[in-house]
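Asks: After the structure tokens below, expect a handful of questions from me.
2 protein chains.
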Amino acid sequence: MTETAPRPAAYTPTDRTIPTRSRERASYDRETVHSILDEGYMCHLGFVRDGAPVVLPTLYGRVGERLYVHGSTGSRPLRMAGQADPGLPVCLTVTHVDGLVLARSAFHHSINYRSVVIHGTAHQVTDPEEKREALDAIVDHVVPGRSYDSRPANAKELSATAVLRLDLGEVSAKSRTGGPNDEPEDLGLPHWTGVVPLRKGYGTPVPADDLAPDVELPDYLTTL
Amino acid sequence: MTETAPRPAAYTPTDRTIPTRSRERASYDRETVHSILDEGYMCHLGFVRDGAPVVLPTLYGRVGERLYVHGSTGSRPLRMAGQADPGLPVCLTVTHVDGLVLARSAFHHSINYRSVVIHGTAHQVTDPEEKREALDAIVDHVVPGRSYDSRPANAKELSATAVLRLDLGEVSAKSRTGGPNDEPEDLGLPHWTGVVPLRKGYGTPVPADDLAPDVELPDYLTTL
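Going down the list, the sequences are from chains S and W.
Under the UniProt record's numbering, think of the first position of the first sequence as 1, with each following residue one higher.
Under the UniProt record's numbering, think of the first position of the second sequence as 1, with each following residue one higher.
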């Protein structure tokens, strides 16, 4: 066995990942960041095009300290990352909304949420093995276990798909939990105050029109 | 009554709002754009800071053809919009995920979604009446009707809150609906295929610890 240095439990804060406000809501803890990323599959990817910002929703997957997004080789950010040297500066953000915080005052209304913001430079993945692993991770983020129950990409599909890698280096989590923080002088106001939790769930799976009737719903979908 | 020119039913496509791929998924229809925006309250706001992209989740509200976001006067994008002349170039994106599309092939896995992307320049709102209207719209996006059942912002709170306005001009919607699009040669594969719908809902409201017991849950929360 080769010895490796222990991985620090937290990411190092930088000027970009230290918030100007509500610093108590920020976290650089590696496990916290991973757990927020692993609970989702849709991120918002920001990049700069002709000097202006662009923000696009896209799927992602995590493998260790690497985040992957994919797209057609013809799509803008993936073309730009391929052309750019040394890579495409991006900001990738994942947000979960957990509850609506209703205070007595309009001013103190808020949202309970957990988010991760990653700053870095995205690079196109060229190694075929890494590309396959990344695509599996993206599919498995959407439905855990699904990559084992579908036909893997063939050579033609792989060459039509571009994958971007973004290393988890300059990264922070931010979250808000708990009830409203009303001003002392507002406590007697007659408005209902508290938190409305948000629930996410899945409806009944709808089979494709051309699905053979003997193909049963797999376990990983009944337990989703 | 003054006569006004009829508002066009669609936004004018531009180089930035015409997708490089899947153009059939794009729409510039005004009502489609409004309905996607009005169904949500959380957007991802992109801007450029020191040449690099930044993407932050934030609440928004719509009033006609104007979108508003708010924040502390000390927060970065709001400070930048205040300093910048003539405004802060932004990209504001709203995304709803409607279903997971599971194809027989990994390559054809997808997401049913609806999104709106707005490109433009954000300006700080200085008119007090517009600022109040914007803040009401943001609260009412989260919970319709809530702005009438909370204490409005006072002068001190208003001055601590900055509001950015982004006009709906360069805007497009994009959506995917329907089942998977498998390759003909994959139709005999044994994998389950179809769509898993996503459901969003609300849990039971949790009253604040200091809520007086005689304050009842308002109707607009029981019907949320």
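In this text, a Cβ means the ideal position worked out from N, Cα and C, and glycines have one as well.
Under 7 Å from any heavy atom of the ligand GTP, does the C-beta of residue 99 of chain W make it?
Replies: For the structure depicted, the ligand GTP is absent and the ligand set is empty, with no information on it obtainable.
Asks: The alpha helix (DSSP H) that contains residue 141 of chain S, what's its start and end?
Replies: Counting along the chain, the alpha helix (DSSP H) containing residue 141 of chain S begins and ends at 128 to 142.
Asks: Compute the Euclidean distance between the alpha carbons of residue 95 of chain W and residue 210 of chain W, then round it to the nearest angstrom.
Replies: Whole-angstrom Cα-Cα distance: 35 Å.
Asks: Would you mind working out which of W:154, W:97 and W:104 sits nearest residue 148 of chain S, comparing C-alpha positions?
Replies: When each option's Cα is compared against that of residue 148 of chain S, the closest is W:104.
Asks: Any Cβ of chain S within less than 8 Å of the Cβ of residue 72 of chain W?
Replies: Interface residue, yes.
Asks: Using beta-carbon positions only, say whether residue 46 of chain W and residue 141 of chain W come within less than 8 Å of one another.
Replies: No.
Asks: Going by beta-carbon coordinates alone, are residue 124 of chain S and residue 82 of chain S separated by less than 8 Å?
Replies: Result yes, Cβ atoms of residue 124 of chain S and residue 82 of chain S sit closer than 8 Å.
Asks: For a contact defined as C-beta to C-beta under 7 Å, what are the partners of residue 157 of chain W on chain S?
Replies: In chain order: 107.
Asks: Between residue 165 of chain S and residue 76 of chain S, is the Cβ-Cβ spacing less than 8 Å?
Replies: The answer is no: Cβ separation not under 8 Å.
Asks: Are there 16 or more other CB atoms within 10 angstroms of the CB of residue 203 of chain S, so buried, or fewer, so exposed?
Replies: That one is exposed.
Asks: With distances taken Cα to Cα, identify the nearest neighbour of residue 26 of chain W among W:185, W:117 and W:126.
Replies: Looking at the Cα atoms, W:117 is the closest of the given residues.
Asks: Label residue 18 of chain S either buried or exposed according to how many other C-beta atoms from any shown protein chain fall within 10 Å of its C-beta, with 16 as the threshold for buried.
Replies: Residue 18 of chain S should be labelled exposed.
Asks: What are the partner residues of residue 167 of chain W, as DSSP defines its beta bridges?
Replies: Per DSSP, W:66.
Asks: Have a look at residue 216 of chain S and residue 206 of chain S and give me their C-alpha separation to the nearest angstrom.
Replies: Cα to Cα, the separation comes out at about 12 Å.
Asks: Could you give the first and the last residue of the continuous alpha helix (DSSP H) run that contains residue 9 of chain W?
Replies: No alpha helix (DSSP H) contains residue 9 of chain W, which DSSP labels as neither H nor E.
Asks: Return the bridge partner residues of residue 36 of chain S from the DSSP annotation.
Replies: In the DSSP output, where bridge partners are listed per residue, residue 36 of chain S has none listed.
Asks: Please go through the same chain and pick out, in chain order, the residues whose beta-carbon is closer than 7 Å to the beta-carbon of residue 223 of chain S, but skip the five residues on each side of it.
Replies: The answer is none, since no qualifying residue turns up.
Asks: Are residue 102 of chain S and residue 53 of chain S closer than 8 Å when you measure CB to CB?
Replies: In this structure, residue 53 of chain S does not lie closer than 8 Å to residue 102 of chain S by Cβ.
Asks: Please report the distance separating the alpha-carbon of residue 160 of chain W from that of residue 194 of chain S.
Replies: Cα to Cα, residue 160 of chain W sits roughly 23 Å from residue 194 of chain S.
Asks: Can you say whether residue 8 of chain S is buried or exposed, counting buried as having 16 or more other CB atoms within 10 angstroms of its CB?
Replies: Per the 10 Å Cβ criterion, exposed.
Asks: If we ignore side chains and look at the alpha-carbon of each, how far apart do residue 35 of chain W and residue 127 of chain S end up?
Replies: If you take the alpha carbons of residue 35 of chain W and residue 127 of chain S, they lie about 43 Å apart.
Asks: Determine which residues of the UniProt region "Disordered" (1 to 29) of chain S have a Cβ less than 7 Å from any Cβ of chain W, and write them out in chain order.
Replies: Cβ contacts with chain W come from 20 and 21.
Asks: Please name the residue or residues paired with residue 162 of chain W in a DSSP beta bridge.
Replies: DSSP, once it has assigned bridges, lists W:71 as partnering residue 162 of chain W.
Asks: Looking at the unbroken alpha helix (DSSP H) that takes in residue 220 of chain W, where does it start and where does it end?
Replies: That run of the alpha helix (DSSP H) goes 219 to 222.
Asks: Cα separation between residue 97 of chain S and residue 114 of chain S?
Replies: Between residue 97 of chain S and residue 114 of chain S, the C-alpha separation is close to 7 Å.
Asks: Considering only the beta carbon of each residue, do residue 197 of chain S and residue 99 of chain S sit closer than 8 Å?
Replies: Yes, Cβ-Cβ distance for residue 197 of chain S and residue 99 of chain S is below 8 Å.
Asks: May I ask you to list, following chain order, the residues of the segment 47 to 59 of chain W that have a beta carbon less than 9 Å from some beta carbon of chain S?
Replies: Within the segment 47 to 59 of chain W, the residues whose Cβ lies closer than 9 Å to some Cβ of chain S are 47, 48, 49, 50, 51, 52, 53, 54, 55, 56, 57 and 59, listed in chain order.
Asks: Name, please, each residue of chain S whose Cβ falls closer than 8 Å to the Cβ of residue 153 of chain W.
Replies: Within 8 Å Cβ-Cβ: 105, 106 and 107.
Asks: Cβ closer than 8 Å: which chain W residues qualify as neighbours of residue 149 of chain S?
Replies: In chain order: 191 and 192.
Asks: So, with DSSP's three-state summary, where would you put residue 1 of chain W?
Replies: At residue 1 of chain W, the pLDDT of 48 sits below 50, so the modelled position is not reliable; the number obtained from the coordinates is stated separately. In this structure, residue 1 of chain W counts as coil in the three-state DSSP scheme.
Asks: Step through the CB atoms of chain S and report whether any lies within less than 8 Å of the CB of residue 222 of chain W.
Replies: No - not a single Cβ of chain S is within 8 Å of the one on residue 222 of chain W.
Asks: For residue 57 of chain S, which residues in the same chain have their Cβ closer than 7 Å to its Cβ, ignoring the five residues on either side in sequence?
Replies: So the list reads 42 and 44, once near-sequence residues are dropped.
Asks: Determine the DSSP secondary structure at residue 106 of chain W, reduced to helix, strand or coil.
Replies: In this structure, residue 106 of chain W counts as helix in the three-state DSSP scheme.
Asks: Applying the 10 Å Cβ sphere with the 16-neighbour rule, what's the burial state of residue 6 of chain S?
Replies: When all chains shown are included, residue 6 of chain S counts as exposed.
Asks: Determine the chain S residues that contact residue 42 of chain W at a beta-carbon separation under 9 Å, and present them in chain order.
Replies: What residue 42 of chain W touches in chain S: 95, 97, 111 and 113.
Asks: Quick check on the DSSP output: the beta strand (DSSP E) that includes residue 49 of chain S runs from which residue to which?
Replies: Residues 42 to 49.
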